[in-house]
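Participant: Got a structure here, written out as structure tokens. Questions coming.
Dropping the structure here:
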């Protein structure tokens, strides 16, 4: 960690110097660090701190100092000035050493502020600001089809449309498709098979992204690259230990034996990010293990005539804009192509236009509110630490009134005193800054650990020179601002009075006292903001956690399988499922077992258009519902209630009439005033599709997330429509994880090579689905707690001074018969009054700022009265608690001693 | 004497002089120079990495030392390690500095600032 910090600091040297000596210096540093380590950790730490100080000082001197050719000391003219600055700095160190408690508190506050804001900045920088790992990434855009009928603006694109967009839109250098979901495949190369995630991309995708492979080559575009496969770096390392001879190897992917490995992409190459994928697909996993070239031949890519279809929309499109073309031009361009297509093919394209978004937006746009909130939170925290330090410095300045007055009397100019004060603060910030650098390097891994695992670009967040310099710049700036506060106090000082009063602290002027009180008020205002924000987030989190998803998440084991390759026909799969679920049901501890094609909270989604018998609606305007298949006893295993009619039975077999069930939301949307039972519907947009009779209405479940309203859903039975890679859910009587081995064994007892993956309890899935919220709450909660501590420190500092200033008054009161508890009440009520002022202002600020965080809240209003009152109440208690120690001191004042002193 | 060309570089800073001294015995890499100086001055002239490299930069600019990428005969585990070699001019300057110091020491001795070793 220290070594990385050291490398960052080397940037202080001028580039020419760094180029010549940087590597060498690092090597020397490493060698010396190694030796220092052999003498103990403390020694190594001390060495590290000295080495950092050395490189900072010498780097600054090399960059900014003028030097004669052989003398590394500054030349004479500079030396005069820097001597006196240096003298100031040396004097500052002496002064700071004189009050170790205040100095330590200030340094820690600065270090904390820098560490926290630097760590958040590093996250924001690497996630939101840095370009994606592609060449000229700012020219890249994502193109979606926009379904204006359903109001879904980022819908995947059909193969035929993608070809037309590519040929007709003149704004693009190129457009390349990516299948909008990853596929779980079986990868066989000699040894045991691996379950991997494959990503299908247009053969020209790597050229479009502008990235070369680490070894080998990318797809041959002219040969359209059938059966060529590119490996990801991580998969190459995991499976082959980085063996370069892998290029040219023949492997088997999902039963197809003649794939050739042609190359490996570099370690930093990530494609796609999760947020570039469409809503469909059966796995939310976004890290592709390998890439294969997408072919528009066969499968759902072609229509009945073998031509690329316009009906199935399953592609994402990545485009590179021509140089100088703006995204608005590209939008207009594609919109006109889309409207031409809508006119030419109304059956499939009426009402469809396009959406064009910058690729970076598509990737991390969804994270902007959360990261923005964190950045705002950490800024408030940083401001609080500044106010805290300023407060401590003012207190110090008051204590040194006499010294300042003396120096003025001896002829020091005001500027000289201000400068002294600023230099002292700069020395403080530098020490705090170095310590903060260490905190920053320690804090970034903590932020990353708290972040949701599936957050795009999470792996790219790292502490670096940019974040450190950002923090350092902040602290130095802060040093100057904070430094001027006590200086202003000392300027306002009445010279004669200060000298005459003999330096007792009882003389702090009204102005200084007001300054300190307003600094504490400012702190409390900021603390109110942070604590109300964390309270609102906590309320939201509790609200989300108590949402009923419509099924029981406890004691439910989930996993995904691929049916064995030999079960190729629908009939074979129906038989396989009958066998599978009877074996699973026989496992001791299993209450019910079933499966589905899209698991709530844990997978993606797929929709279908639906036509109701007897209603004349043009195809493009047909309503959409979410489409699922139920395998085995799915509804029973999930505990989804049947509200009307019936669920599927064994009689709903392959040869019986088609049946389906719909959920409550679908019944409301499709049959708002009719009985849906017995009505017939048709799925997809073909008029040749078979009819299905609605036999039941079931309860709504929350599919996408706990925070979305339930969507209309339609289920068919797997006995009439068997899937190939279903999710399996097993309802258990005890801990579901304990049955993992037994369930696995039951599945493998049919075919030992069955791929089983993503096995986890539903409670884990539910917990993972709120991970972004937990991340926000954790960090903002930490900020809020720190804010309370800082506010308490501020109140304590002010009250301690107030009490010592009023010692005489307290003595007089006690002498005149006041009870000690009355004195305590006096002090506490003064602290309370101080806090109340800040709280009132803070509440007004929180009330004004609340709408800014509305998008991060759930189940609680941004201006929720209870929350807006409880958080400040806690703050008031903290403020009064912080004043207890000074109050006890006041209570113990001995009237005789204080009065004699007068 | 003050206008001899080599005098422009004089007096040397103590650190520059120590570096030149260390290099008179042979080419060294940065870390070895540090170790030489530490050993010779037994820590009296504590050397920090930043100071060392700034001094090296100045010496190189003044052409008193030069960089050699690979030193024949030296088996290094690290191919990229850079060695520093004293130039002819460097030797001349070091000699001139030594003379200058010796001259000063002689003067100090004449004024009884330094006692002879056998006096103790």
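Chains as they are written, first to last, in this note's numbering: chain A, 1 to 902; chain B, 1001 to 1120.
Cβ atoms here follow ideal geometry from the backbone N, Cα and C, with glycine treated the same way.
Would you mind telling me which residues of chain B sit closer than 7 Å to residue 34 (chain A), beta carbon to beta carbon, in chain order?
Facilitator: What residue 34 (chain A) touches in chain B: nothing, since even the nearest Cβ is about 11 Å away.
Participant: Whole angstroms are fine: how far does the CA of residue 517 (chain A) sit from the CA of residue 437 (chain A)?
Facilitator: Between residue 437 (chain A) and residue 517 (chain A), the C-alpha separation is close to 31 Å.
Participant: Taking DSSP as the reference, what is the three-state secondary structure of residue 587 (chain A)?
Facilitator: Coil at residue 587 (chain A), not helix or strand.
Participant: Name the chain B residues that come within less than 9 Å of residue 254 (chain A), Cβ to Cβ?
Facilitator: In chain order: nothing, as chain B lies at least about 46 Å away.
Participant: Classify residue 646 (chain A) as buried or exposed, calling it buried when 16 or more other Cβ atoms lie within 10 Å of its own Cβ.
Facilitator: Per the 10 Å Cβ criterion, exposed.
Participant: Which residue's Cα is closest to the Cα of residue 190 (chain A): A:794, A:250, A:711 and A:768?
Facilitator: Among A:794, A:250, A:711 and A:768, the Cα nearest to that of residue 190 (chain A) belongs to A:250.
Participant: Given this structure, state the Cα-to-Cα distance separating residue 132 (chain A) from residue 360 (chain A), to the nearest angstrom.
Facilitator: Approximately 7 Å between the Cα atoms of the pair.
Participant: Count the C-beta pairs between the segment 429 to 448 of chain A and the segment 760 to 773 of chain A that are closer than 8 Å, then say yes if the count reaches three, no if not.
Facilitator: No, the segment 429 to 448 of chain A is not in contact with the segment 760 to 773 of chain A.
Participant: In or out: residue 106 (chain A) buried (at least 16 other Cβ within 10 Å) or exposed?
Facilitator: Buried is the call here.
Participant: Give a yes or no on whether 8 Å exceeds the smallest Cβ distance from residue 864 (chain A) to chain B.
Facilitator: Not closer than 8 Å to any Cβ of chain B, the Cβ of residue 864 (chain A) fails to qualify, so no.
Participant: Could you compute how far the alpha carbon of residue 652 (chain A) sits from the alpha carbon of residue 569 (chain A)?
Facilitator: Answer to the nearest angstrom: the Cα atoms are 18 Å apart.
Participant: Say whether the segment 121 to 136 of chain A touches the segment 287 to 307 of chain A, bearing in mind that this needs 3 or more beta-carbon pairs closer than 8 Å, one atom from each stretch.
Facilitator: The segment 121 to 136 of chain A is not in contact with the segment 287 to 307 of chain A.
Participant: Relative to the C-alpha of residue 371 (chain A), which candidate in A:458, A:744, A:716 and A:717 has its C-alpha closest?
Facilitator: With distances taken between Cα atoms, residue 371 (chain A) lies closest to A:458.
Participant: With residue 352 (chain A) and residue 685 (chain A) assumed to form a contact (beta carbons below 8 Å), what rounded beta-carbon distance in angstroms separates them?
Facilitator: 12 Å between Cβ atoms; not a contact.
Participant: Within 10 angstroms of the Cβ of residue 228 (chain A), are there 16 or more other Cβ atoms? Answer buried if so, exposed if not.
Facilitator: Answer is buried; the Cβ neighbour count reaches 16.
Participant: In whole angstroms, what is the alpha-carbon distance linking residue 1025 (chain B) and residue 1056 (chain B)?
Facilitator: So the two alpha carbons sit approximately 17 Å from each other.
Participant: Determine the DSSP secondary structure at residue 136 (chain A), reduced to helix, strand or coil.
Facilitator: Coil at residue 136 (chain A), not helix or strand.
Participant: Are any of the Cβ atoms in chain C nearer than 8 Å to that of residue 1091 (chain B)?
Facilitator: Within the model displayed, chain C is absent; protein chains A and B are what it includes.
Participant: Contact between the segment 400 to 415 of chain A and the segment 455 to 470 of chain A is defined here as three or more beta-carbon pairs at a separation below 8 Å; is this criterion met?
Facilitator: Segments in contact, no.
Participant: Span of the beta strand (DSSP E) holding residue 317 (chain A)?
Facilitator: Here the beta strand (DSSP E) through residue 317 (chain A) covers 315 to 321.
Participant: Could you please give me the residues that DSSP links to residue 201 (chain A) through a beta bridge?
Facilitator: Answer is A:178 and A:293, bridged to residue 201 (chain A).
Participant: Assuming residue 759 (chain A) is part of the beta strand (DSSP E), what are its boundary residues?
Facilitator: Per DSSP, residue 759 (chain A) belongs to the beta strand (DSSP E) from 756 to 761.
Participant: Using C-beta distances below 7 Å, list every residue in its chain close to residue 17 (chain A), excluding the 5 sequence neighbours before and after it, in chain order.
Facilitator: Only 62 meet the Cβ criterion.
Participant: By how many angstroms is the C-alpha of residue 640 (chain A) removed from the C-alpha of residue 552 (chain A)?
Facilitator: Near 8 Å, if we compare the C-alpha coordinates of residue 640 (chain A) and residue 552 (chain A).
Participant: Can you pull the chain A residues whose beta carbon is under 8 Å from the beta carbon of residue 1057 (chain B), in chain order?
Facilitator: Those within 8 Å of residue 1057 (chain B) in chain A are 17, 20, 21 and 62.
Participant: When burial is assigned at 16 or more other CB atoms within 10 Å of the CB, is residue 385 (chain A) buried or exposed?
Facilitator: Residue 385 (chain A) comes out buried.
Participant: Let me know the alpha helix (DSSP H) ranges lying completely inside the segment 330 to 387 of chain A, each 4 residues or longer, listed in chain order.
Facilitator: Counting only runs of 4 or more, we get 346 to 349 and 359 to 364.
Participant: Which runs of the beta strand (DSSP E) spanning at least 3 residues fall entirely within the segment 100 to 159 of chain A, listed in chain order?
Facilitator: Segments of the beta strand (DSSP E) lying fully in the segment 100 to 159 of chain A: 140 to 147 and 152 to 155.
Participant: In the DSSP assignment, the beta strand (DSSP E) including residue 631 (chain A) goes from what residue to what residue?
Facilitator: Its beta strand (DSSP E) spans residues 624 to 632.
Participant: Whose C-alpha, out of A:716, A:616, A:650 and A:682, is nearest the C-alpha of residue 663 (chain A)?
Facilitator: Nearest C-alpha to residue 663 (chain A): A:716.
Participant: Pull up the DSSP beta-bridge partners for residue 264 (chain A), would you.
Facilitator: A:215 and A:231, per the DSSP bridge assignment.
Participant: Which residue wins for smallest C-alpha separation from residue 727 (chain A), given the options A:593, A:829, A:2 and A:666?
Facilitator: Comparing Cα-Cα distances from residue 727 (chain A) to each of A:593, A:829, A:2 and A:666, the minimum goes to A:593.
Participant: Ignore the nearest five residues each way along the sequence and tell me which others in residue 722 (chain A)'s own chain have a CB closer than 7 Å to its CB.
Facilitator: Correct list, in chain order: 570, 573, 574 and 577.
Participant: Along chain A, which residues have their Cβ under 8 Å away from the Cβ of residue 1020 (chain B)?
Facilitator: What residue 1020 (chain B) touches in chain A: nothing, since even the nearest Cβ is about 11 Å away.
Participant: Could you give the DSSP three-state label for residue 1004 (chain B): helix, strand or coil?
Facilitator: Reliability fails at residue 1004 (chain B), whose pLDDT of 49 lies under 50, so the model's placement of it is uncertain and the value that follows must be treated cautiously. Three-state result, residue 1004 (chain B): coil.
Participant: If I measure Cβ to Cβ from residue 349 (chain A) and keep anything under 8 Å in the same chain, skipping five residues before and after, which residues do I get?
Facilitator: For residue 349 (chain A), where only same-chain residues beyond five positions count, the Cβ hits under 8 Å are 161, 310, 338, 341, 342 and 620.
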